[in-house]
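There are 2 protein chains.
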Amino acid sequence: MDIKAYIIEKGKMAKNGARRLATVSSSVKDKALLSMADAIEREGGRLKKENQKDIEYARTKGLSPALIDRLTINDKRIIEMAKMLREVAALPDPVGEIMRMWKRPNGMQVGKIRVPIGVIGIIYESRPNVTADSAALCIKSGNSVFLRGGSEAINSNKVIAEILMEAGSKAGLPDGVITMVDVADREAVMEMLHLDRYIDLIIPRGGEELMKTVTANSRIPVIKHDKGLCHTYVDEYADLKMARDICLNAKVQRPGTCNAMETMLVHKAVSATFLLPMIGKFQQAGVELRGCPKVVSLDPSVRPATEEDWNTEYLDLILNVKIVDDMEEALRHIETYGSQHSEGIVTNNHQRAMSFLRDVDAAAVFVNASTRLHDGGQFGLGAEIGISTTRIHARGPMGLEELTTIKFIVLGDGQVRE
Amino acid sequence: MDIKAYIIEKGKMAKNGARRLATVSSSVKDKALLSMADAIEREGGRLKKENQKDIEYARTKGLSPALIDRLTINDKRIIEMAKMLREVAALPDPVGEIMRMWKRPNGMQVGKIRVPIGVIGIIYESRPNVTADSAALCIKSGNSVFLRGGSEAINSNKVIAEILMEAGSKAGLPDGVITMVDVADREAVMEMLHLDRYIDLIIPRGGEELMKTVTANSRIPVIKHDKGLCHTYVDEYADLKMARDICLNAKVQRPGTCNAMETMLVHKAVSATFLLPMIGKFQQAGVELRGCPKVVSLDPSVRPATEEDWNTEYLDLILNVKIVDDMEEALRHIETYGSQHSEGIVTNNHQRAMSFLRDVDAAAVFVNASTRLHDGGQFGLGAEIGISTTRIHARGPMGLEELTTIKFIVLGDGQVRE
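Chains as they are written, first to last, in my numbering: chain A, 8 to 425; chain B, 8 to 425.
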């Protein structure tokens, strides 16, 4: 099989699909998404049967139970996928919104109108529900989606895409709007990353290796969804009860997520009143603590943190703790070790809050709230395709609006360039 | 010399400079830009002396007079550079603008604030004034600029950057905000394109070869300023006098620009009343015409257009002309041959105007106005760094706002994730 020719052919179809989809009405798109939701539920049996193949293969390959769990599609997950499709259908259509329109001195009206980006390539690992999530968000925002899932979920991804495409076509979507690359060969990824003629944007979702491969090889703009090494700084003027609730939530509510706290920075003035009791609370919650020398001397049950620890995104019930002399030291620590993802301060001092907001460079900065709230749904953007850690186009939660671009429109009555 | 180490060192300094510059006040930035303008005028002699080296080298290399003219810095161009610096200083500072702020059901306030992108890499050819333009726009928008000009202008670019840096430092800008890569070796470009740790965005400005090199090798997001193969469609319902003025302007006012018209599409109903007299007018204006068979049979003085002609951005006084049966045919031609840059229609029919605006996919679409108006200044965005043909982040004229990104800010009073 000629993988390059296969990918080019698929790319051409996706581009044609995108051109047609860009002018499809909101009601047709919404009807299609609702049909897809029904189809996912109706075809649950077919779905689980294909998923079983991936699970069996994963078992023969000796994958970990956690990974197999991520792969598994059960009734609950089918219902969740259908629910997500219906929720996306209910969101407002971003396409066609005229964002601004203004008049120039020569009388011409200039405006910006929101349009789809075109073809969006998603390269992802493991969880097959990403197939449905990505297709729903891309189609709602008028984009073709060009999917390449992990080889370990290839049968599940294929059948989900098939079910969605069948339902979409029947409901009036153009051909080519959902493409699933069903070649397990890694060459397919490389060819996809070189398809700048047909794919307009690549969104990688997965681990560090995937991010590196995509960054090093893509000729297409990439919006990364990279790691989060997030801090919370408890200031000397913090409401200590609030600080306790926020820090516990940021660490333990779901430690495996990119917006969970990995390091807590505590002002020295509250080390006895806040930190000492917090150490016990964290340990009760099953959190292993690693501290700077001052923390260790405060409570010798805390293991000393190494340079590597400050640099680690644990995604687990492990927390670094550091006592700082002032906010400056906290800011320097965040600048050195942070990944510009989610950073928080707990304080009741207005000036400290404002300078933290201004000086910390991150996709989202929090005053008196848990970094775990960094999420498209929590922010009120509706569903999200992930949290962008790239500094252009979209930063933070990437919802429907972030999956669009603009075109300028000019209404004249004969204006020319002088 | 170890070029890789040199570029990494420069990148690190640029990143540090960007961190500091992000929180520098508007008044310091503006004062610095005004000092730079004064310095460029004051140091005109030094500038012209260095420029002379490049001109002499270009002559020994046998470069064309047109290219040598583009290289040349004379008093008029010095005054223009200083004027541009003062104009950018006078524009509003985009950094720090809170674009929106909204309240969530749990009471937290979520907002988006405009912040600099970070370090912007500009890779450009020939014209040394791009050095000053890029530095002014990047600094005003709070970004460090990492410049790599063409080797043929290396002495001119170096001295401009030096003069700007000296003036900027004295006026209080942090170190590292202007970096000029003064190694002629092409390896420097490759190392720059791999510096994703320190450079956040690459903007290439130049010919097709440069675009290809950058696209194929960059690990950093790229916003291209690519070619414009622009069309104007004269509809059967056009005001024919208006159509004449617009088409003449779009072709002859400055044919060497990306937003000039390369192909005119004419509805068959106005081929006698509009096209026939226009052929004479274009020829009088020195335009060579290449036509479809129908145009050639209308006026045999028109040379037949080849498939290659329809695909060519002439940047010259040459124009393709095609008679179409209806607007559909015009739309299909634009979809096939256009470069999604600037596309126009002349019509007094409302429905035609509206469907042209909706259906044509381009950075800017014009009704009853010349495509030559596709420009940041004409659109009222102030100065621009170019016209983006990339579909993400910025499309069309890229001004100060387009050189920024956002961060989310969250003001809570103890909110946690449920």
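Ideal placement from N, C-alpha and C gives every residue a C-beta, glycine not left out.
Everything numeric in this text was worked out from a predicted model, so none of it was measured.
Beta-carbon proximity check, residue i vs residue j, cutoff 8 Å
i, j, result
"residue 92 (chain A)", "residue 47 (chain A)", "yes"
"residue 415 (chain B)", "residue 370 (chain A)", "yes"
"residue 142 (chain B)", "residue 152 (chain B)", "yes"
"residue 411 (chain A)", "residue 135 (chain A)", "no"
"residue 43 (chain A)", "residue 257 (chain A)", "no"
"residue 230 (chain A)", "residue 67 (chain A)", "no"
"residue 148 (chain B)", "residue 181 (chain B)", "no"
"residue 376 (chain A)", "residue 417 (chain B)", "yes"
"residue 80 (chain B)", "residue 58 (chain B)", "yes"
"residue 39 (chain A)", "residue 250 (chain A)", "no"
"residue 246 (chain B)", "residue 355 (chain B)", "yes"
"residue 30 (chain B)", "residue 366 (chain A)", "yes"
"residue 255 (chain B)", "residue 167 (chain B)", "no"
"residue 117 (chain B)", "residue 386 (chain A)", "yes"
"residue 378 (chain A)", "residue 346 (chain A)", "no"
"residue 352 (chain B)", "residue 374 (chain B)", "yes"
"residue 82 (chain A)", "residue 51 (chain A)", "yes"
"residue 381 (chain B)", "residue 224 (chain B)", "no"
"residue 127 (chain A)", "residue 421 (chain B)", "no"
"residue 96 (chain B)", "residue 41 (chain B)", "yes"
"residue 115 (chain A)", "residue 419 (chain A)", "yes"
Expected contact under 8 Å - CB spacing of residue i and residue j to nearest Å
i, j, result
"residue 15 (chain A)", "residue 188 (chain A)", "Their Cβ separation, rounded to whole angstroms, is 12 Å, which puts residue 15 (chain A) and residue 188 (chain A) out of contact at 8 Å."
"residue 191 (chain B)", "residue 161 (chain B)", "6 Å"
"residue 276 (chain B)", "residue 243 (chain B)", "4 Å"
"residue 6 (chain A)", "residue 413 (chain A)", "The first residue shown for chain A is 8 and the last is 425, placing residue 6 (chain A) beyond what the model contains."
"residue 61 (chain A)", "residue 159 (chain A)", "6 Å"
"residue 213 (chain B)", "residue 131 (chain B)", "6 Å"
"residue 294 (chain B)", "residue 272 (chain B)", "With a Cβ gap of about 16 Å, residue 294 (chain B) and residue 272 (chain B) do not count as contacting."
"residue 240 (chain A)", "residue 337 (chain A)", "4 Å"
"residue 154 (chain A)", "residue 129 (chain A)", "5 Å"
"residue 74 (chain B)", "residue 133 (chain B)", "7 Å"
Neighbourhood of residue i by C-beta distance below 7 Å, restricted to the same chain and skipping five residues each side
i, result
"residue 183 (chain A)", "20, 21, 23, 24, 151"
"residue 121 (chain A)", "101, 102, 103, 104, 106, 411, 413"
"residue 283 (chain A)", "305, 306"
"residue 10 (chain A)", "190, 192, 194, 195, 198"
"residue 278 (chain B)", "305, 330"
"residue 200 (chain A)", "209, 221, 224, 225, 226, 227"
Beta-carbon proximity list for residue i, same chain, < 8 Å, skipping 5 on both sides
i, result
"residue 344 (chain A)", "236, 238, 270, 317, 318"
"residue 406 (chain A)", "144, 383, 388, 389, 390, 391, 392"
"residue 94 (chain B)", "389, 390"
"residue 165 (chain A)", "57, 187, 189"
"residue 146 (chain A)", "28, 36, 39, 40, 152, 175, 180, 184, 185"
"residue 324 (chain A)", "258, 259, 262, 292, 293, 294, 295"
Close-in-space but distant-in-sequence residues of the same chain around residue i (CB under 6 Å, 5 per side omitted)
i, result
"residue 227 (chain B)", "203, 206, 209"
"residue 409 (chain B)", "401"
"residue 26 (chain B)", "none"
"residue 309 (chain B)", "296, 298, 302, 303"
"residue 17 (chain B)", "186"
"residue 372 (chain A)", "350, 364"
Check: residue i C-beta below 7 Å from any heavy atom of the ligand COA
i, result
"residue 281 (chain A)", "The ligand COA is absent from the structure shown, which contains no ligand whatsoever."
Min CB distance residue i to chain C below 8 Å
i, result
"residue 313 (chain A)", "No chain C appears in this structure, whose protein chains are A and B."
At what residue ranges does the segment 19-80 of chain A contain a whole run of the beta strand (DSSP E), taking only runs of 3 or more? Correct list: empty.
Closer than 8 Å is the cut-off here; do at least three beta carbon pairs connect the segment 298-314 of chain A with the segment 257-267 of chain A? No, the segment 298-314 of chain A is not in contact with the segment 257-267 of chain A.
Is there contact between the segment 218-226 of chain B and the segment 23-40 of chain B, where contact requires at least three CB pairs shorter than 8 Å? Under the Cβ criterion (8 Å, minimum of three pairs), the segment 218-226 of chain B does not count as touching the segment 23-40 of chain B.
Please list the segments of the beta strand (DSSP E) lying wholly inside the segment 167-213 of chain A, counting only runs of 3 or more residues, in order along the chain. Here the runs fully enclosed are 185-187, 208-212.
Is the segment 297-306 of chain A in contact with the segment 316-333 of chain A, if contact means three or more CB pairs nearer than 8 Å? The segment 297-306 of chain A is in contact with the segment 316-333 of chain A.
In chain order, which continuous runs of the alpha helix (DSSP H) of length 4 or greater are located wholly inside the segment 337-368 of chain A? Secondary structure within the segment 337-368 of chain A: the alpha helix (DSSP H) runs of 4 or more consecutive residues, fully enclosed, are 357-366 (chain order).
Please specify which runs of the beta strand (DSSP E), each continuous and at least 3 residues long, are wholly inside the segment 75-126 of chain A, giving them in chain order. Taking only runs of at least 3 residues, the beta strand (DSSP E) segments lying wholly in the segment 75-126 of chain A are 105-110, 116-123.
Taking the runs of the beta strand (DSSP E) that are 3 residues or longer, which of them lie wholly in the segment 219-272 of chain A? Annotation: the segment 219-272 of chain A contains the following complete segments of the beta strand (DSSP E) (minimum length 3 residues), in chain order: 237-241.
Taking the runs of the alpha helix (DSSP H) that are 4 residues or longer, which of them lie wholly in the segment 127-160 of chain A? Runs of the alpha helix (DSSP H) lying entirely within the segment 127-160 of chain A, each at least 4 residues long, are 136-147 in chain order.
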